[in-house]
Amino acid sequence: MLHRFDTLVIGSGLAGLSAAIEASRHGSVAVIAKLYPTRCHSSAAQGGIAAALGNEDPDSPEWHVYDTIKGSDYLADQDAVRTMCEAAVKTVIGLEHMGVPFSRTPGGKIAQRRFGGHTKEFGAAPVRRACYCADRTGLAIVTTLYEQSQRRGIKFFPEFHVLDIMMEGDRCLGAAAMEIRTGEICAFSACATILATGGYGRVFRTTSNAIQSTGDLPGILLEKGLPLEDMEFFQFHPTGLYGLGILVTEGARGEGGVLVNGKGERFMERYAPHIKDLAPRDMVSRAITTEIREGRGVGERDFVYLDLRAIPEKTLSERLPEIMNFCRIYMGVDPSVAPIPVVPTAHYAMGGIPTDQGGRVMKNEAGETTLGLFAAGECACVSVHGANRLGCNSLLDTVVFGRRAGEAAGKMKDIFMVEAAAESEEVLGPAKNTVSEILRRRGDEKTGAVRKDLQELMMGRCSVFRNEAGLKAALEGIKELKERAKHIAITDRGKRFNTEVLEAIELGRLIDLAEVIVSSAVQRKESRGAHSREDYPERDDKNWLKHTFAFKKAGAFKTEGNIEFSYRPVSIAGFPLRKREY
Amino acid sequence: MEKDRVKKFRIKRWDPERASKPRWEEFTVSLDPFERLLDGLIRIKDNLDGSLTFRSSCAHGMCGSCAMKINGKNALACQTLAKNTPEVVVLEPLPAFPVIKDLVVDMDPFFEKIGRIMPWLLEDGPPPERERTQSPEEMKKILDAIKCIMCGCCTSACPVYRAGKDLYLGPASLVKAARFIFDSRDAGWEERLEMVSGKNGIWRCHSIYNCYEVCPRSIDVTGIISRLKRMSVKKMLLPPRRPG
Numbered sequence: 000m001l002h003r004f005d006t007l008v009i010g011s012g013l014a015g016l017s018a019a020i021e022a023s024r025h026g027s028v029a030v031i032a033k034l035y036p037t038r039c040h041s042s043a044a045q046g047g048i049a050a051a052l053g054n055e056d057p058d059s060p061e062w063h064v065y066d067t068i069k070g071s072d073y074l075a076d077q078d079a080v081r082t083m084c085e086a087a088v089k090t091v092i093g094l095e096h097m098g099v100p101f102s103r104t105p106g107g108k109i110a111q112r113r114f115g116g117h118t119k120e121f122g123a124a125p126v127r128r129a130c131y132c133a134d135r136t137g138l139a140i141v142t143t144l145y146e147q148s149q150r151r152g153i154k155f156f157p158e159f160h161v162l163d164i165m166m167e168g169d170r171c172l173g174a175a176a177m178e179i180r181t182g183e184i185c186a187f188s189a190c191a192t193i194l195a196t197g198g199y200g201r202v203f204r205t206t207s208n209a210i211q212s213t214g215d216l217p218g219i220l221l222e223k224g225l226p227l228e229d230m231e232f233f234q235f236h237p238t239g240l241y242g243l244g245i246l247v248t249e250g251a252r253g254e255g256g257v258l259v260n261g262k263g264e265r266f267m268e269r270y271a272p273h274i275k276d277l278a279p280r281d282m283v284s285r286a287i288t289t290e291i292r293e294g295r296g297v298g299e300r301d302f303v304y305l306d307l308r309a310i311p312e313k314t315l316s317e318r319l320p321e322i323m324n325f326c327r328i329y330m331g332v333d334p335s336v337a338p339i340p341v342v343p344t345a346h347y348a349m350g351g352i353p354t355d356q357g358g359r360v361m362k363n364e365a366g367e368t369t370l371g372l373f374a375a376g377e378c379a380c381v382s383v384h385g386a387n388r389l390g391c392n393s394l395l396d397t398v399v400f401g402r403r404a405g406e407a408a409g410k411m412k413d414i415f416m417v418e419a420a421a422e423s424e425e426v427l428g429p430a431k432n433t434v435s436e437i438l439r440r441r442g443d444e445k446t447g448a449v450r451k452d453l454q455e456l457m458m459g460r461c462s463v464f465r466n467e468a469g470l471k472a473a474l475e476g477i478k479e480l481k482e483r484a485k486h487i488a489i490t491d492r493g494k495r496f497n498t499e500v501l502e503a504i505e506l507g508r509l510i511d512l513a514e515v516i517v518s519s520a521v522q523r524k525e526s527r528g529a530h531s532r533e534d535y536p537e538r539d540d541k542n543w544l545k546h547t548f549a550f551k552k553a554g555a556f557k558t559e560g561n562i563e564f565s566y567r568p569v570s571i572a573g574f575p576l577r578k579r580e581y
Numbered sequence: 000m001e002k003d004r005v006k007k008f009r010i011k012r013w014d015p016e017r018a019s020k021p022r023w024e025e026f027t028v029s030l031d032p033f034e035r036l037l038d039g040l041i042r043i044k045d046n047l048d049g050s051l052t053f054r055s056s057c058a059h060g061m062c063g064s065c066a067m068k069i070n071g072k073n074a075l076a077c078q079t080l081a082k083n084t085p086e087v088v089v090l091e092p093l094p095a096f097p098v099i100k101d102l103v104v105d106m107d108p109f110f111e112k113i114g115r116i117m118p119w120l121l122e123d124g125p126p127p128e129r130e131r132t133q134s135p136e137e138m139k140k141i142l143d144a145i146k147c148i149m150c151g152c153c154t155s156a157c158p159v160y161r162a163g164k165d166l167y168l169g170p171a172s173l174v175k176a177a178r179f180i181f182d183s184r185d186a187g188w189e190e191r192l193e194m195v196s197g198k199n200g201i202w203r204c205h206s207i208y209n210c211y212e213v214c215p216r217s218i219d220v221t222g223i224i225s226r227l228k229r230m231s232v233k234k235m236l237l238p239p240r241r242p243g
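Chains as they are written, first to last, in numbering that gives the first Met the number 0: chain A, 0 to 581; chain B, 0 to 243.
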């Protein structure tokens, strides 16, 4: 089957839908995704979207820029941060106009609350900047954007799994995807292709990410010889439900919740004396991990408490209803009477596919871009989050840069004709090979077992704290896992909805991404943001104020040291580097 | 396996590509009391039978992927804990939708029905410079409806929908319509109310409350439809009479 559209969007979360809506002003748009549109992981976003509306406290986009740069441990590109924060107010107002059901102030304006690392007057005190819809902000925005996409006649292809990006030299011609319910592999030709496939937290055991967050597209680009940027920076959210990793929004602390260790101490006072529990996520996750390691976990176990009991019951039920439900259902805990056991949970990839501010995918550290290939959202790296993202900046990133990518991509049809792909072996061959290669494998390994070992390995060696010995051991482990993955036997030989085959393909991508994450972490010999090296505990601006670009070495497939690195300078525009204290 | 943790999963399986009718299959897995049935399904797929097919994504009740019939009642497998189920867990695909394979059903007809009620906010002229104001009290009127994750549990549980699925919009579509009709910002509410007051809308609801009982998001689905009915009566949009 062949499909032709002016713009092709892969992924139906916030970035994908934002891009699709924008691109639809210019021509025909198709959205393909491996899930039904609203099943995307953006729906699980809880706390809010950041914008200096000033509805609850005086605020300014300039303070938002400062907080984002400081939060990023100065690795974010300052010009891109400015673009995002200055667009924030208009973006959130635009979402309201589309129908997003935000929570409201008594005066009827969009309600706002405090969130980690967001401050007034350049760090003076926490500010209410997070615009929210209770603690289901993601669901509210995704639903609205899906509604608006239907209104604009955007064509959806739900449950299509992308297996290949079709490139001709530096130009992207579209994608090849499997229609999951039939197993048929189809070609989608487009003037412009936008990748918006989200994160890949499933490389870790404890994660807030959806089962489907497997980084399929970054993995494909890596195979194509394109770089991935800053992959060593993976955010652990401080408060995941113990044992499950389900997210408890930072908004819970924004509303007055506090972290308490096994001795009953509010330990954040020691780590961030000024803004305490509202410090950025990297710092809070390190603090929790340190408390647990030094024997101050609760009941000598490996968690701490998030205590919401000081929050009035009305606030809990109106502003944090989902959290209350999750705790009751999954932990048997009522947060209004008992504290919640929490641990850091793998949450967000700061790194990803390098793009410029128009979402154009870079092919090298010099910033040269590919033609017709765009990326936005968590799978991309602009970079506005640098070494550590602030809460509520991810939703903002997806909408602001999703729209910018959609705008730039939509205009590609003025430059190029859609080159209809032929249903030839040349076009669909690589995608078909991906499937047949999996089906040819013989052995006694199982996808689930290899995946579990990968997730344990990454959790043990490459999570909140890292060191050279551990990371090198992880690389060895990954090598073994790659070998084991070659011996996975597929029992389901049918074409129809064959998730066994798809899971094996996803596992291959996850292993590849894990290798890039660990390799990137080994080579960066400093601690910055979420990348915390025990053997290099200080930030080293002299040598490491630069973005990592990781490439898969040509011809070195599946041997040791098969990642190569180059570097891109950080854009500094107005905010000089300082020591990062809160 | 510890005895009190052993669960028997009795699953209705069918691959229409290869068999003419469904069959029942049993698997024995060990599940901790606080584990989800979805964890059990993943364990079966990982260790016992890789061909077992089901949908899953967020695993904590926010995406709606893993809706299925669990011991006779529609629910999310990720929101149902082992401790709250009997020793034998019976799993079937959501009723009323065509089966694609095992526990996966075709959701296209469901989304198509939702699409029929013009599910988008209709503005009243160009938007203001800032946000349109809406009081917390006005916002509360849509609070229940906006919780919907479109999992399909309600529509699939509705006997009226199952009896006339080509016609009746079904509870999820009506909740979606209500989300706009009750929204103080929606300029299209009258048109929409008229639309759902037609012969395939609210008047087909016989207040059986199945939808209300199964909603994993605790939305008062039947109550919302009743509010639409009251509003409809006020506007004299009464149920269409049978000819003759």
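Note that CB positions come from ideal geometry on N, CA and C, so glycine has one too.
A straight-line Cα-Cα distance of about 32 Å links residue 433/A and residue 20/A. Contacts with chain A at 9 Å (Cβ-Cβ) do not include residue 220/B. The alpha-carbon of residue 192/B is positioned some 24 Å away from that of residue 162/B.
Sorting 573/A, 218/A, 189/A by C-alpha distance to the C-alpha of residue 202/A places 218/A at the top.
Taking a Cβ-Cβ threshold of 9 Å, the residues of chain B close to residue 147/A are 119, 120, in chain order. Less than 9 Å separates the beta-carbon of residue 203/B from that of residue 166/B. Close partners of residue 126/B in chain A (Cβ separation under 7 Å): 96. Beta-bridge partners of residue 546/A (DSSP): 567/A. The Cβ of residue 495/A sits closer than 9 Å to at least one Cβ of chain B. The closest CA to that of residue 4/B, considering only 70/B, 86/B, 118/B, 120/B, is found on 86/B. In this structure the region 524-532 of chain A touches the region 456-466 of chain A; the number of beta carbon pairs closer than 8 Å is three or more. With a cutoff of 9 Å on beta-carbon distance, residue 28/A and residue 36/A are scored as not near each other. Remark: three or more beta-carbon pairs, one from each stretch, lie closer than 8 Å, so the region 42-54 of chain A and the region 81-89 of chain A are flagged as touching.
Note that the region 476-495 of chain A touches the region 436-446 of chain A; at least 3 beta-carbon pairs, one per stretch, sit closer than 8 Å.
A direct Cα-Cα distance of roughly 20 Å separates residue 180/B from residue 153/B. Interface criterion not met: the Cβ of residue 575/A is under 9 Å from no Cβ in chain B.
For the region 2-84 of chain A, the continuous beta strand (DSSP E) assignments of 3+ residues that do not extend past its boundaries occur at 28-32, in sequence order. Residue range 136-150 is occupied by the alpha helix (DSSP H) that includes residue 141/A. Interface criterion not met: the Cβ of residue 19/B is under 9 Å from no Cβ in chain A. Note: residue 125/A is bridge-paired with 118/A in the DSSP secondary-structure output.
Not a single CB atom of chain B sits nearer than 9 Å to the CB of residue 17/A.
Shown here, residue 234/A sits in a strand according to DSSP, grouped into three states. Going by beta carbons, residue 249/A and residue 280/A fall inside the 9 Å limit. Not a single unbroken stretch of the beta strand (DSSP E) spanning 3 or more residues falls wholly within the region 482-535 of chain A.
In chain B, no part has a C-beta under 8 Å from the C-beta of residue 213/A; the shortest such distance is about 11 Å.
The shortest C-alpha to C-alpha distance from residue 34/B to any of 17/B, 48/B, 83/B is the one to 83/B. Contact annotation: in the region 38-69 of chain B, residues whose CB is within less than 9 Å of a CB in chain A are 41, 42, 44, 45, 46, 48, 49, 50, 51, 52, 53, 54, 55, 56, 57, 58, 59, 60, 61, 62, 63, 64.
DSSP places residue 10/B within a strand segment (E or B) once states are collapsed to three. Close partners of residue 325/A in chain B (Cβ separation under 7 Å): 59. Nearest in C-alpha terms to residue 149/B, of all of 137/B, 213/B, 123/B, is 213/B. The alpha-carbon separation between residue 108/A and residue 320/A amounts to approximately 21 Å. With contacts defined by Cβ atoms closer than 9 Å, residue 364/A and residue 565/A form a contacting pair. In the structure shown, residue 96/A falls within a helical segment according to DSSP collapsed to helix, strand and coil. For residue 194/B, the nearest beta carbon of chain A is not closer than 9 Å to its own beta carbon. When DSSP assignments are scanned along the region 273-335 of chain A, the uninterrupted stretches of alpha helix (DSSP H) that are 4 or more residues long and fall wholly within it turn out to be 280-292, 312-318, 320-325. Taking a Cβ-Cβ cut-off of 7 Å, the neighbours of residue 150/A in chain B comprise 119, given in sequence order.
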